[in-house]
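*Asks:* Here's a structure for you.
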Amino acid sequence: MDKRLSPWNLGATLYMPATRLDIADAVLHGKIPGLRSLVICLEDAVSEGDIPQALQNLKRLLQQLNAAKINSGNNEWPLVFIRPRHPDMGQWLVENLDLSAIDGFVLPKFTLSSLPVWWDIMAGTHLCLMPTLETEEVFDVVQMRELATTLLSHPCHARIIALRIGGNDLMNVVSLRRPRNLTLYDSPMGYVIKMLVSVFAPRDFALTAPVCEHIDDHAVMARELSLDMAHGLVGKTAIHPGQIDVIEQALMVSPGEHSDALRILNSTQAVFKSQGAMCEPATHRRWAAGILERARVYGLTSEKNPDGIRLMPVSQHN
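Anchor point for the sequence shown: position 72 equals 76 in the numbering used here, and the numbering is continuous, going up by one each time.
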């Protein structure tokens, strides 16, 4: 897979309804500072009656993106994905539109039973996949283990950038909404995220964090992001440009973590003490590799300002 399509390059993935008329400006002209990836949504963010308008808007957008790609390439663009409403729409998009400038599809309501349906649509394309885990089956560890095992040996495996955790849909399954003053980890989603990490991360699948729909409450989102990072999630869904910088800061690496990671990967000692904690290269090596990759993409925080002063990315690991 192209290094540009690394899950670490997702950052704050901004969802934009396909009815919006300013998506081309966001992709081509940097209208949204710091945007690394976006999803053009044809599913929940678009009402049924607006689907024809959304598809016409998407067609015009693709014409703009394809023309710009021919003239300049797209290496400096954000990663661009489309979220179809269902497999039938995905099939229509593949058959009727030029998707050359698109990096992949976000697959809604993804389950083991929908895998062959989606693969029939996607196999003959260049598109990468981000399946979304957001149905009742996700609460069942046995079914998730079966899905993980199947994906690992399926030809789609090489095309999966990350699995997205659909927090709002999963809360809807249990008839709940996130409380305003609590993180998702204080709800049943805390169990779900822990279970999904324990099932998919050992098999080297990246997982992204659910959206925080409380747009103006960055304090709650910052608390939630610290837990996202503690669970090894690689990025977070955003629904407002104002959330992007908060998410980016959370993805930055502290100098202490970076120092520990370097020592763990370079040490010849079986165990050593660093910054008051035990470091054991045999068990911390995978963590250390992930820390250095995050530092390469997002840079380091300043120890003097824990809110995060952006420094240059760590050049020795580029």
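Note that CB positions come from ideal geometry on N, CA and C, so glycine has one too.
Note down the Cα distance separating residue 282 from residue 206, rounded to an integer number of angstroms.
*Replies:* Position 278 of the sequence shown, counted from the start, is the residue given in the question as residue 282. Position 202 of the sequence shown, counted from the start, is the residue given in the question as residue 206. Computed Cα separation, rounded: 22 Å.
*Asks:* Does residue 61 pass the burial test, meaning 16 or more other C-beta atoms within 10 Å, or should it be called exposed?
*Replies:* To locate residue 61, count along the sequence shown from 1; it is residue 57. Its Cβ being crowded by 16 or more others within 10 Å, residue 61 is buried.
*Asks:* Note down, in chain order, each residue of its chain lying with its Cβ closer than 6 Å to the Cβ of residue 8, except the 5 sequence neighbours on either side.
*Replies:* Translated into the one-based positions of the sequence shown, residue 8 becomes position 4. Correct list: empty, nothing qualifies.
*Asks:* Exposed or buried, residue 242, counting other C-beta atoms within 10 Å across all chains shown (16 or more means buried)?
*Replies:* The residue you call residue 242 lines up with position 238 of the sequence shown. Burial call: buried.
*Asks:* What does the alpha-carbon distance come out to for the pair residue 142 and residue 87?
*Replies:* In the sequence shown, counting from the first residue as 1, residue 142 sits at position 138. In the sequence shown, counting from the first residue as 1, residue 87 sits at position 83. Using only the alpha carbons, I get a separation of about 19 Å.
*Asks:* Is the stretch 102–115 touching the stretch 128–141 in the sense that three or more CB pairs, one from each, lie closer than 8 Å?
*Replies:* Counting Cβ pairs under 8 Å, three or more are found: they touch.
*Asks:* Do the stretch 189–198 and the stretch 165–175 touch if we need at least three Cβ pairs shorter than 8 Å?
*Replies:* They touch, by the three-pair rule.
*Asks:* Which ranges would you report for the alpha helix (DSSP H) in the stretch 82–131 if only whole runs of at least 4 residues count?
*Replies:* If we require 4 residues or more, the alpha helix (DSSP H) runs fully inside the stretch 82–131 come out as 91–100 and 119–126.
*Asks:* In this structure, what does DSSP give as the bridge partners for residue 167?
*Replies:* The residue you call residue 167 lines up with position 163 of the sequence shown. In DSSP, residue 167 forms a bridge with 211.
*Asks:* My output table needs one value for residue 2: the three-state DSSP class, helix, strand or coil.
*Replies:* Residue 2 is absent from the model: the chain starts at 5 and stops at 322.
*Asks:* Could you check whether residue 112 and residue 139 sit closer than 7 Å to each other, using their CB atoms as the reference points?
*Replies:* Against the sequence shown, residue 139 aligns to sequence position 135. Against the sequence shown, residue 112 aligns to sequence position 108. No; because the gap between Cβ atoms is not below 7 Å, this pair is not in contact.
*Asks:* Where does residue 179 fall in DSSP's three states?
*Replies:* Within the sequence shown, residue 179 is the residue found at index 175, counting from 1. If DSSP states are grouped into helix, strand and coil, residue 179 belongs with coil.
*Asks:* For a quick check, are the C-beta atoms of residue 50 and residue 17 less than 7 Å apart?
*Replies:* The count along the sequence shown starts at 1 and reaches residue 50 at position 46. The count along the sequence shown starts at 1 and reaches residue 17 at position 13. Not a contact, by the Cβ cut-off of 7 Å.
*Asks:* In angstroms with no decimal places, state the Cα-to-Cα distance between residue 115 and residue 200.
*Replies:* Within the sequence shown, numbered from 1, the residue matching residue 115 stands at position 111. Within the sequence shown, numbered from 1, the residue matching residue 200 stands at position 196. Cα to Cα, the separation comes out at about 14 Å.
*Asks:* Can the beta-carbon of residue 229 be found closer than 7 Å to that of residue 254?
*Replies:* The count along the sequence shown starts at 1 and reaches residue 229 at position 225. The count along the sequence shown starts at 1 and reaches residue 254 at position 250. Yes. Within cutoff.
*Asks:* Keeping to the same chain, check which residues put their C-beta closer than 6 Å to that of residue 54; ignore five residues upstream and five downstream.
*Replies:* Taking the sequence shown and counting its residues from 1, one reaches residue 54 at position 50. Cβ within range, chain order: 23.
*Asks:* Could you tell me whether the Cβ atoms of residue 165 and residue 285 are closer together than 7 Å?
*Replies:* Here the question's residue 165 lines up with position 161 in the sequence shown. Here the question's residue 285 lines up with position 281 in the sequence shown. In this structure, residue 285 does not lie closer than 7 Å to residue 165 by Cβ.
*Asks:* I want to know whether the stretch 232–242 touches the stretch 262–280 - three or more CB-CB distances under 8 Å.
*Replies:* The stretch 232–242 is not in contact with the stretch 262–280.
*Asks:* Determine the contact status of residue 91 and residue 121, defining contact as a CB-CB distance below 7 Å.
*Replies:* Position 87 of the sequence shown, counted from the first residue, corresponds to residue 91. Position 117 of the sequence shown, counted from the first residue, corresponds to residue 121. Cβ atoms of residue 91 and residue 121: closer than 7 Å.
*Asks:* Going along the chain, which residues of its own chain have a beta-carbon closer than 6 Å to the beta-carbon of residue 213, five neighbours each way excluded?
*Replies:* Position 209 of the sequence shown, counting from 1, holds the residue named residue 213. Cβ within range, chain order: 232, 237 and 240.
*Asks:* Report the residue ranges of all alpha helix (DSSP H) runs contained in full by the stretch 198–255; include only those spanning at least 4 residues, in chain order.
*Replies:* List check, alpha helix (DSSP H) in window: 222–234 and 248–255.
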